[in-house]
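This report refers to the structure that appears directly beneath it.
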Amino acid sequence: MDSQLFHIFRNTPLGRETLLQSIYFSKQTNASLNIYIPKFIKFLMYFDNDVVQVDLDESYLSSPDTALDRVKNLVESNGLSANFIEPKNFTASTLPDIPVNFDFMCSPRSISDLTSKIGLGHIGTRVRRIVQSAKFPVLITTPVYSEWNNITVFFGGSHNSIKALKLGIRLSRLTGKELFIFTQLDGKKREHYQEILEKEELQKEINLMVTKWNFYGSKSFEENLYNVPHDSLAIVGAYGHSVIKNIIFGSKMEKIQSTIQNNFLVVGPNYGQVS
Amino acid sequence: MRKLFSLRSPSRWFFFRADDRLLLILMGIIVGICSGLAALALSYSLETLLEFFHHYSQHWWVFILPAIGAALSSFFLNYVLKEGAGHGVPEVIYSVSRYGGLIRLRSSFSRLVSSCLTIGFGGSAGPEAPVVMSGAAIGSNIANFFYLNDRQRVTLVGCGAAGAIAAIFNAPIAGMIFTMEVILGEWSMVNIIPIAIASVAGAETSRLLVGNYIKFSHLTLNTNFIDMVACFGLAAVTAIVSILMTRMLRNMHHVSEKVKTKPWIRAAMGGCLVGLLGFQVPEVLGEGYHAIEAMVQGTFKAGLLVVAVAAFAKILATSLTLGWGGSGGIFAPCLVIGSFTGLAFHRLLVIVFPEIAWVNEGCFALLGMAGMISGILQAPLTGIFLIVEITGSSEVMLPLIAVSSISTTLCHYFEPASFYVKDLVEKGQLLRPGTDERVLTDLSVAELLEFDCVVIKKNMMFREFIEVVKSSKRNYYPVENEDGSFAGIVYFDEIRPYLFDTLMYDAIIIEQIVDDKVRVVNYTDDLSEVLKTMDNNGLYSMPVVSNNRFAGMISKATILDHYRKELKVQTT
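The listed protein sequences correspond, in order, to chains A and B. Residues 264 to 538 (my numbering) make up the first sequence, in order. Residues 164 to 735 (my numbering) make up the second sequence, in order.
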């Protein structure tokens, strides 16, 4: 079965760049593009255990007359075709419900807040909520279109990072791109991480698919992050902590996304869960 | 961390694993108390605001107050909380019917504040729908916090609604029945017990904080046979008024939509008209419970014509308030209009039949309220039990049953759906439990896909195809073009004539026998629509095509198989 990528189109230069990222991802992974051109400033996404209201910023509604043509031109010039999502259900007359049964979603770092914050490594609150609730991973793109030529999975041994690794393997197989694993040792031995993978019965696949497993122990995590290839798709598992929890406990995901400017595929806590 | 998760997942605890009823009862108590507190908070805020503005009621500029309130309310809802406006109850019914009771957290307080602004400044609306919305949202979010499943969440949504109604009217039975009749639309044992307990919790919270106060407990309600006969007339009148109100509310909404301006300006315009109307008929302002008390106690001295005009003025004022963007519900206006209608009907009876000793006019005002609630909500039991509880007496039970039942029936004849669900029914979005649509909504095309069919190329020779047929168990074969796009289907039945003619094996290519006009299904199609297409065209399976590529087959047998499983999940 082919996979489905969900994209919300923004009719601005930034929106064009994000759409190009979606098109590139679709071409690489053979995913079908599902594009929503918003007609309302807000919409709801009903997940299994949460309902997320996405309040788009005003730029999403700019020049709606030209939006459809622009999307079609961009998509078709890349040899793809897109399915345009028209909301069927409305919670209120100006509040459509958008389906959530996709395999991926592409989003810039922020869809509700000021886009100027994107350059500062800020991930918007709505994007965080979607990551937290969605069963699909969210592709958080760079502000300017950039192709990725290999895949780097951040693996720290947690349940979510195992899910991220499985996704990395799947994507590597699908795209034929090299797969790297990034592990910050954090005082533990390499064997510790290898044992985790053995328990998950992933060792065989790792040997087969992974080009290089990079272990870093000497420098700080932030410094080591600069070793990640700039043209790599970074796959990260995230718990979807709130901002307060992140401040108190810290978050690897936050450090990664604010240090390197790669395309990210963020795997949330509900990724892969069966209803 | 794992321990914390375990604490938040009580449904996994050994104690509740076998039977979750006790868990739902415990949760119901929490939800009932919270929604009761929310209801009391709104009630208290409204009283304070109304009392504050009462001092200014003699000033000429007072007509502007409902406009300010409605504008603030609309601004708060649309710009501060960015929540789509609405009465509240339809949104709760919608979420129960489509999304297992998922309601946004902000809804647990948004309508409380907005309706407080609308009603407190004099807008004609009721606080009951906002507290129902608030209670339901509290229930939903508590269920989410504890990772409860859809069925359990729906029950807690019901608990919230019941607790809120029970607290605001001090009427636990009415709260429970309103929830079962209007919100959930089903009477199942699994739901009734927690909802009843939540009702009790809500009512007890109210009694603890504001006292066990029965509004009309001292009324004498000894009706006789002739009053009973008159009830049939009253039921017909309340049904007519209910229909009028339903249509006026809806039409006013359509009228206001034509005024292309910002929502808060539109709400202010409606509020201004309500304020002007309030100059002539002050009873139309606010929730109107003072007028009800006067009518029920027999101290409302205005004549028949004034009472009748007041009823219509209240309908107009409520339509202007809610239809133009104010926030609030129709429950309290229904009670006010019902009591006006009952009172007017009583006065008419006294004029036409002066020799008959009719029961006191307060009784007819109460019966009018029941008739109106039953008519507009098409919920006769809610009407009956609400009146029984707010009078603390069952003496008037027989006329109540008569008025409520007849009013509901007559209304149903002209307006098949109640005011709350009319929009949902028109859009095909009301999916009551146990219906085909409800079950199928939880299934998607993607999860029913069958992949065990062999895809063949359009330029394949028939001889090669025979080999494919030999190894396949299916009697249809999806066909692809060279570029991988979907070309159609080859049905085994249609190739049978060529099967026994070996000369044809090298003379035919698949392109010649493929059915390229075949109906296809998309991932986003509703399964009920897919089933309908299959039935109408005598099909047993259809290809699913995504972005012009064949994705798999979907068959009636698989749909029905999953339907059975889903029905089990939804009903146990």
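Glycine included, C-beta positions come from ideal geometry on N, C-alpha and C.
Below the 8 Å Cβ cutoff, chain A contributes Asp-265, Gln-267, Ser-295, Asn-346 as neighbours of Ser-709(B), in chain order. Any Cβ of chain A closer than 8 Å to the Cβ of Glu-518(B) would place that residue at the interface, and such an atom is absent.
Using a Cβ-Cβ distance cut-off of 8 Å, the segment 359–376 of chain A and the segment 397–413 of chain A are in contact, since at least three pairs of beta carbons, one from each stretch, lie closer than that value.
Per DSSP, His-222(B) is not a residue of any beta strand (DSSP E), being assigned neither H nor E. Not one beta carbon of chain A lies nearer than 8 Å to the beta carbon of Thr-696(B). Asn-477(A) is bridged by DSSP to Phe-445(A).
By the neighbour-count criterion, in which a residue is buried when 16 or more other Cβ atoms sit within 10 angstroms of its Cβ, Arg-659(B) is exposed. Contact note: Ala-609(B) reaches chain A through Asn-364, using a C-beta cutoff of 7 Å and chain order.
Listed along chain A are Asn-312, each with a C-beta nearer than 7 Å to that of Tyr-310(B). Chain-ordered, the chain A residues with CB closer than 8 Å to the CB of Asn-307(B) read Asn-312, Asp-313. Per DSSP, reduced to three states, the secondary structure at Asn-304(B) is helical. Residue pairing of Met-623(B) in beta bridges, as defined by DSSP: absent, with no partner found. Pairing Arg-274(B) with Met-352(B), the inter-Cα distance amounts to about 30 Å. Bridge pairing for Thr-415(A): Phe-443(A), Ala-497(A) [DSSP]. Beta-bridge partners assigned by DSSP to Ser-704(B): Ser-718(B). Between Phe-442(B) and Leu-506(B), the beta carbon gap of about 22 Å keeps them out of contact (Cβ cut-off 8 Å). Nearest CB-CB separation between Tyr-489(A) and chain B: not below the 8 Å threshold.
Counting of Cβ neighbours within 10 angstroms places Gln-316(A) among the buried residues, the total reaching 16 or more.
The segment 421–429 of chain A makes contact with the segment 449–465 of chain A; the number of CB pairs closer than 8 Å reaches 3 or more. In terms of beta-carbon proximity, Ser-424(A) stays away from the interface with chain B, with every pair separated by 8 Å or more. At least one CB of chain A lies nearer than 8 Å to the CB of Lys-245(B). Secondary structure note for Gln-524(A): it is in no alpha helix (DSSP H), with a DSSP letter that is neither H nor E. Note on geometry: alpha-carbon atoms of Lys-245(B) and Ile-523(A) lie some 34 Å from one another. By the neighbour-count criterion, in which a residue is buried when 16 or more other Cβ atoms sit within 10 angstroms of its Cβ, Leu-723(B) is exposed. According to the DSSP assignment, Ala-528(B) belongs to the alpha helix (DSSP H) that extends over 524–540.
If you keep only unbroken beta strand (DSSP E) runs of at least 3 residues inside the segment 627–686 of chain B, you get 639–643, 649–654. Here DSSP, grouped into helix, strand and coil, assigns Pro-400(A) to coil. Rounded to whole angstroms, the gap between the alpha carbons of Thr-386(B) and Gly-461(B) is 16 Å. Taking 7 Å as the cut-off between beta carbons, none of the residues of the segment 417–429 of chain B comes near chain A. A distance below 8 Å separates the beta carbons of Asn-533(A) and Lys-398(A). At a C-beta separation below 8 Å, Leu-498(B) has no neighbours in chain A, since its nearest C-beta there lies roughly 26 Å away. Under the DSSP assignment, Gln-443(B) falls in the alpha helix (DSSP H) whose first and last residues are 426–443. At a cut-off of 8 Å between C-beta atoms, Glu-627(B) does not count as an interface residue with respect to chain A. Here the segment 713–733 of chain B lies against the segment 609–620 of chain B, with 3 or more beta-carbon pairs under 8 Å apart. Counting C-beta atoms within 10 angstroms of its own C-beta, Ser-295(A) has 16 or more neighbours from the protein chains shown and is therefore classed as buried. If you check the CB distance, Ile-358(B) and Ala-337(B) do not come in under 8 Å.
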